[in-house]
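J.: Protein sequence lines correspond, in order, to chains A and B.
Read in the numbering used here, the first sequence has 484 at position 484, and its numbers run on one by one without any break.
Read in the numbering used here, the second sequence has 524 at position 524, and its numbers run on one by one without any break.
From the three backbone atoms N, C-alpha and C, an ideal C-beta is built for every residue, glycine too.
Number of protein chains: 2
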Amino acid sequence: MNNIETIRHSLSHIMAMAVKNLYPNTKFGIGPAIDNGFYYDFDLPRQSFEGAKAGLSIDDLPKIEKEMQAIIKSNIDFIKKEIFQDEAEKLFANQPYKLELVKELTSTGKTGVTIYTSGDFTDLCAGPHIENTKEINPLSFKLTKVAGAYWKGDEKNKMLTRIYGLAFATETELTDYLKILEEAEKRDHRKLGRELDLFLIDPTVGMGLAMWQPKGAMLWRIMEDFWYQEHLKNGYELVRTPHIGSRKLWETSGHWGFYNESMYPPLEVSQTLKEAQEGKKSEIKEEYLLKPMNCPFHVSIYNSKPRSYRDLPIRWAECGTVYRYEKSGELSGLTRVRGFTQDDAHIICAKTQVKDELKRVADFIIFILNTFGFKEFNVYLSLRDPNNKEKYAGNDEGWEFTQKVLEEVAKEQGLNYKKEEGEAAFYGPKLDYKIKDCLGREWQCSTLQFDFNLPERFDMTFINQKGEKERPFVLHRALFGSFERFIGVLIEHYAGSFPVWLSPTQAIVLPIGESHQTYGQEVLKTLKQNNIRAQINLNNDTIGKKIRESEMQKIPYILVVGDKEIKANSVAVRSRNEDLGVMTTEKFIDTIKQKVETKK
Amino acid sequence: MNNIETIRHSLSHIMAMAVKNLYPNTKFGIGPAIDNGFYYDFDLPRQSFEGAKAGLSIDDLPKIEKEMQAIIKSNIDFIKKEIFQDEAEKLFANQPYKLELVKELTSTGKTGVTIYTSGDFTDLCAGPHIENTKEINPLSFKLTKVAGAYWKGDEKNKMLTRIYGLAFATETELTDYLKILEEAEKRDHRKLGRELDLFLIDPTVGMGLAMWQPKGAMLWRIMEDFWYQEHLKNGYELVRTPHIGSRKLWETSGHWGFYNESMYPPLEVSQTLKEAQEGKKSEIKEEYLLKPMNCPFHVSIYNSKPRSYRDLPIRWAECGTVYRYEKSGELSGLTRVRGFTQDDAHIICAKTQVKDELKRVADFIIFILNTFGFKEFNVYLSLRDPNNKEKYAGNDEGWEFTQKVLEEVAKEQGLNYKKEEGEAAFYGPKLDYKIKDCLGREWQCSTLQFDFNLPERFDMTFINQKGEKERPFVLHRALFGSFERFIGVLIEHYAGSFPVWLSPTQAIVLPIGESHQTYGQEVLKTLKQNNIRAQINLNNDTIGKKIRESEMQKIPYILVVGDKEIKANSVAVRSRNEDLGVMTTEKFIDTIKQKVETKK
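1) Going by DSSP, name the residue or residues bridged to Leu559 of chain A.
2) Starting from the C-beta of Gly51 of chain B, find all residues in its chain whose C-beta is less than 8 Å away, skip the five residues before and the five after it, and write them out in chain order.
3) For chain A, is any of its Cβ atoms less than 9 Å away from the one on Leu139 of chain B?
4) Where Arg324 of chain B and Leu331 of chain B are concerned, what is the direct C-alpha to C-alpha distance, given to the nearest angstrom?
5) Which value, in whole angstroms, describes the spacing of the CA atoms of Lys587 of chain A and Thr341 of chain A?
6) For the 8 Å Cβ check, are there 3 or more pairs between the stretch 209-225 of chain A and the stretch 495-504 of chain A?
7) Going by Cα to Cα distance, which pick from A:Ile589, A:Arg576, A:Ile201 is closest to Leu524 of chain A?
8) Looking only at its own chain, which residues have a Cβ that is under 7 Å from the Cβ of Glu326 of chain A, when we skip the five neighbours before and after it?
9) Pull up the distance between the alpha-carbon of Leu290 of chain B and that of Ser328 of chain B, whole angstroms please.
10) Between the C-alpha atoms of Asn294 of chain B and Asp459 of chain A, what's the straight-line distance to the nearest angstrom?
11) By the 8 Å beta-carbon criterion, what residues does the stretch 20-49 of chain A contribute toward chain B?
12) Could you give the residue range of the alpha helix (DSSP H) that holds His13 of chain A?
13) Tell me which residue opens and which closes the beta strand (DSSP E) that Trp316 of chain B is part of.
14) Excluding the 5 residues flanking Ser10 of chain A on each side, which residues of the same chain have their C-beta closer than 6 Å to its C-beta?
15) Between the alpha carbons of Lys179 of chain A and Val269 of chain B, how many angstroms are there, rounded?
16) Around the Cβ of Ile79 of chain B, are there at least 16 other Cβ atoms within 10 angstroms (buried) or fewer (exposed)?
17) Quick check on DSSP: helix, strand or coil for Gln535 of chain B?
18) Kindly indicate if chain B contains any beta-carbon less than 9 Å away from that of Ser304 of chain A.
19) In three-state terms, what does DSSP make of Phe450 of chain A?
20) Could you name the residues of chain B that Phe297 of chain A contacts, counting a contact when the two beta carbons are closer than 8 Å?
21) Can you give the Cα-Cα distance for Asp225 of chain A and Met211 of chain A, rounded to whole angstroms?
22) Measure the C-alpha to C-alpha separation of Gln444 of chain B and Phe199 of chain B and round it to an integer number of angstroms.
23) Closer than 9 Å, CB to CB, is Asn539 of chain A near chain B or not?
24) So, is Phe49 of chain A buried or exposed, given that buried needs 16 or more other C-beta atoms within 10 angstroms?
25) At 7 Å on the CB atoms, spell out the chain A contacts of Ala217 of chain B, in chain order.
26) May I ask you to verify whether the stretch 343-362 of chain B touches the stretch 470-480 of chain B, counting CB pairs closer than 8 Å and requiring at least 3?
27) Give me the chain A residues within the contact set of Val269 of chain B, using Cβ-Cβ distance strictly less than 9 Å, ordered along the chain.
28) Let's see if you can read the secondary structure: which residues bound the alpha helix (DSSP H) around Gly127 of chain B?
29) Using a Cβ-Cβ distance under 9 Å, would Asp344 of chain B count as near chain A?
30) Below 7 Å CB to CB, which residues in the same chain sit around Gln353 of chain B once its five sequence neighbours on both sides are set aside?
31) Quick one: measure Cβ to Cβ for Gly394 of chain B and Phe462 of chain B, integer angstroms, because I've assumed they're closer than 8 Å.
32) Mind checking if Ala276 of chain B is an interface residue toward chain A, Cβ cutoff 9 Å exclusive?
33) Kindly indicate if chain A contains any beta-carbon less than 9 Å away from that of His476 of chain B.
34) Going by DSSP, which residues form a beta bridge with Gln342 of chain A?
35) I'd like the list of long-range same chain contacts for Val322 of chain A, defined as Cβ closer than 7 Å, with 5 residues on each side in sequence excluded.
36) What does the alpha-carbon distance come out to for the pair Glu283 of chain A and Gly245 of chain A?
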């Protein structure tokens, strides 16, 4: 039985064979296996007849696939051979990219290279490969994409044509994966965000900076309200801090030292504090930085007055918008942005309170994730590298204690966690929660991290019961992680059909004709008085068109009103999946209220 | 009857006379009348005996006041005289500052100067003055402050000693003003903000950047929740926008052109949009600016898709935190800051909707101000300068129309408004509301402004009923103005004793002894279940001390529980002004709920 990697790699050779057959003068780059498939880079011959396309397009892929299937069915052997450098150079004399690779491979003293031959195609390749093409199911792969790729990834080199393929062990696996891809495309939050008027990112305003349209801002507000209420219930207090802080603050925290690559550059203004207080002008600059994290502000509030053991545990939460300069190529919709809002909190407590606080946070995380419809998640416990202890902040005792208690809590909570040594941040160990969406994809969201760095750098203390100064333990935690990312995941998880309690618009009233508008308005008013987020469509379109539009907008309840409904003082209700029939407005209000109360 | 300015100015001379008597070798700077009083700048002789103080301190003021009163009672005349330059130079030969002024005054061709003599003191002065010191009530002034002041305000010159005095027409007016000053000092929001743990400004974090402690953040949240609910009721939708935008955006809006003095400098990052999209590195910079206003973002959302007359009016609200670089010397607590949160909204509508929208906003402003306890305000209608029309954005017709309709609405609302020609911003006319606090001080808060600039610069349009493109009207408005400033004013208006509905802590439970703590906890739990923001004090202090502390924290209700209360299943309630006696917890909950519901 072949490893799937081997099959994928062999398929890339088979694709090269097919391309060689179809475009005889092609020069070959490289062709590795990748996640879920393979690719190969080709330098295709320029077509000489008039009207010929430059390179390949997606329309050419079926032809290549067909050729590959023919090759597979021909039961061709893959034959491995070691040859000397001069032999290899002769063999690839007409293949400049291969020749370049041969020279590189042998430049360090190696005398020979490995080649694989299948049919009349020979490739410079270390393998391993299948023995014969008959080991491959010709229906278990599919070519998907054509893209440009610089030779060796260097923009100074020639751009080659890269063809991507998917490949799995069985046809069923391929079909399943294609379905997920198709589903993922339908659920793409960037597409749905536009179609449902939730948010937009406009490069002329700023890349990676989301602007929230009314419906998106409403969804946000609903989440934030819920978040806030639950935090109050859980003994948190709110704080609010600015979006910029002095460079001095970020130097003290250490961020400007070890994190400045991800920070926006400083804002320089032209007065120093002291000189400004004295009314003097100055040539020395005052510098501010956009905050990439909220922590130094929370610590500054903590340090603004002496604290006693009686004040602990302190639990301070803030939905703080932070800015991190991500490379533009890494930006993606709401899941990778430059400005995002952490649902942050810092817990500052004594050692004896640590375990209890951890348990509370762990419970809180699961409650929140479940409420938003995520029932599955993977948990990662990141520990320090035991062979490299000196690279971490804090002391041995603190690490031993917090790592132990994190694992205890993970166990007691019955979390199916994975331990990862060496994966801790330098400032402390952590528990990360990755949620699984309905397509089984993992998304990092909740996190729970100890910090040994900030308490030291800011010399945080409290007066303990013996009247002595003691260093508190500091825990960072976020439940959503970031509002932007979490909403992005929510959109994809629900394909935009949010549960009723989260839907920006919960119900829409559709009067069939003009004579039903007055009654429709009355229904709307009653709904609004009952705190239902309702709309009405008064356009003179057909009822069929209005229903279709409302369905496109994924509104949970559509209330059609016409003569019959007016007579019966009722509404005809359609939910997303079914026709709920005619009911009184009061009955409908009860139905929807129950959904909202149970967070459905 | 003398003008109060004349009396104040003459008092500055009388102070100079007193200083001359007490410190014979003093050199004199200048001594004008100012708002509510006067000052004089002195270059005092160095005292030659050991242990002598340098200059004066506040402890010396009573002695000077006494000398001034003696002078006033001596009925001394003020005699005016015009003298030639050479005569003046001889007269002030021993007064270098006066001599400098004489030279300046006569440098432009004037041949003489005016002097005033009172007793043996002669000052270079244009007057006017009283005729005789008997016209002054010796009890209607008071010296208040000693400060350093550079001669001519230039730090390169010598620092002189400035003595400030207050002066009014009558002793009663002085006493009233001193009471207001004393009251204002007690109510100072910077002092109360610290004492009540509401907010703090830490220069090492950033000048003019407030950080909100839990109680302040709670007050903010209560206000924001109320604001949000009322905006929904009033047909607004929320939007959310980032805190930075590309320089291009601010160039299009014009802010970078005409407003950059108040903006933080650009953040420069090293990729341009186009190059970044192509994955190229670049030496050209991408620049971002912290937002000083929210408008360009709201306009960008508007312009993100075609709009129809059916979409109007659009009412988009956002509590958006903006950053403006104010000179550090101008910063003051929460009322003059560098980062503040506007309770902003933009109304985008057709011409026929303008008046109705204005009325709605005007009503909304009064509702909000009244709810927060402000019953008095002055309204200013700022119009363009009719003789200088070319300096304004927009066209004549737009200005005529909006100015007319603003005034109509002001009249119809019965607003006692003041018209100010030439006070409009270049982009449009406006109505400003200044609230009067309990000390009669005016604070700018609500505002309602037309904007002819942004619709043009961003080419905002909608498709009207005829199918043609039409330019909408744009209105900016804020009700609080800024959360920071409004909270600052609220603190001073209520001297920190907020109405029950706004109080971060509404009630505190004080168990008399340890044996009453369990019952106290039960009461606390019941209160919390009823959404009352309650605390408990479990310290082992005397009940007297605990009550005093709670009063210091200005908590509206103090609930004492001891044996008697446990037996009767009740609480002993003190409100701020009175002992409400013993009542059941339920009865207390009813009382407080009623207060909250009626916003008391």
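T.: Let's see:
1) Secondary-structure assignment with DSSP links Leu559 of chain A through a beta bridge to A:Val509, A:Val573.
2) Summary for Gly51 of chain B: the model assigns pLDDT 47, below 50, so the residue's position carries little reliability; its value from the coordinates is reported in the next sentence. Here the set comprises nothing.
3) So no, Leu139 of chain B is outside the interface.
4) Taken atom to atom, the span from the alpha-carbon of Arg324 of chain B to that of Leu331 of chain B is near 11 Å.
5) Cα to Cα, Lys587 of chain A sits roughly 39 Å from Thr341 of chain A.
6) By the Cβ rule, the stretch 209-225 of chain A counts as touching the stretch 495-504 of chain A, because three or more pairs are nearer than 8 Å.
7) Of the candidates A:Ile589, A:Arg576, A:Ile201, A:Ile589 places its Cα closest to the Cα of Leu524 of chain A.
8) Counting only Cβ-Cβ distances below 7 Å, and skipping sequence neighbours, we find Gly208, Arg336, Arg338.
9) Linking Leu290 of chain B to Ser328 of chain B through their CA atoms gives a straight-line distance of about 18 Å.
10) Approximately 38 Å, taken between the alpha carbons.
11) For the stretch 20-49 of chain A, there are no residues whose beta carbon sits under 8 Å from a beta carbon of chain B.
12) Judged by DSSP secondary structure, His13 of chain A falls within the alpha helix (DSSP H) whose first and last residues are 4-22.
13) That run of the beta strand (DSSP E) goes 314-323.
14) When the five nearest sequence neighbours on each side are left out, the beta carbons in the same chain lying within less than 6 Å of the beta carbon of Ser10 of chain A are those of His129, Ile130, in order along the chain.
15) Taking the straight line joining both Cα atoms gives about 40 Å.
16) Label assigned to Ile79 of chain B: exposed.
17) If DSSP states are grouped into helix, strand and coil, Gln535 of chain B belongs with the strands.
18) It does; some Cβ of chain B falls within 9 Å.
19) The answer is strand: DSSP assigns Phe450 of chain A an E or B state.
20) Per Cβ cutoff of 8 Å: Val205, Met211.
21) Each residue's Cα considered, the two are about 20 Å apart.
22) In this structure, the alpha-carbon of Gln444 of chain B lies about 21 Å from that of Phe199 of chain B.
23) Output row for Asn539 of chain A: interface = yes.
24) Residue confidence for Phe49 of chain A is low, a pLDDT of 49 falling below 50, so the modelled location carries little weight; the figure read from the coordinates is stated next. If you draw a 10 Å sphere on the C-beta of Phe49 of chain A, you find fewer than 16 other C-beta atoms in it, and that means exposed.
25) The answer, in chain order, is Leu238, Val239, Arg240.
26) Three or more Cβ pairs closer than 8 Å define a contact, and the stretch 343-362 of chain B meets that threshold against the stretch 470-480 of chain B.
27) One finds Tyr264, Pro265, Tyr325 in chain A with Cβ atoms closer than 9 Å to the Cβ of Val269 of chain B, taken in chain order.
28) Careful: Gly127 of chain B lies outside any alpha helix (DSSP H) and carries neither H nor E.
29) Not an interface residue.
30) Here the set comprises Leu312, Pro313.
31) The C-beta distance from Gly394 of chain B to Phe462 of chain B rounds to 17 Å, too long to fall under 8 Å, and the pair is not in contact.
32) Residue placement at Ala276 of chain B is flagged as unreliable, the pLDDT there being 47, under the threshold of 50; a coordinate-derived value is accordingly withheld.
33) By this cut-off, His476 of chain B is not an interface position.
34) A:Gly320, A:Ser482.
35) Cβ-Cβ distances below 7 Å link Val322 of chain A to Lys291, Pro292, Met293, Asn294, Phe340, Gln342 in the same chain, with the five nearest sequence neighbours on each side left out; the list follows chain order.
36) Note that Glu283 of chain A scores 48 on pLDDT, short of 50, meaning its location in the model is unreliable; the coordinates nonetheless yield the value given after this. Cα-Cα distance, rounded: 20 Å.
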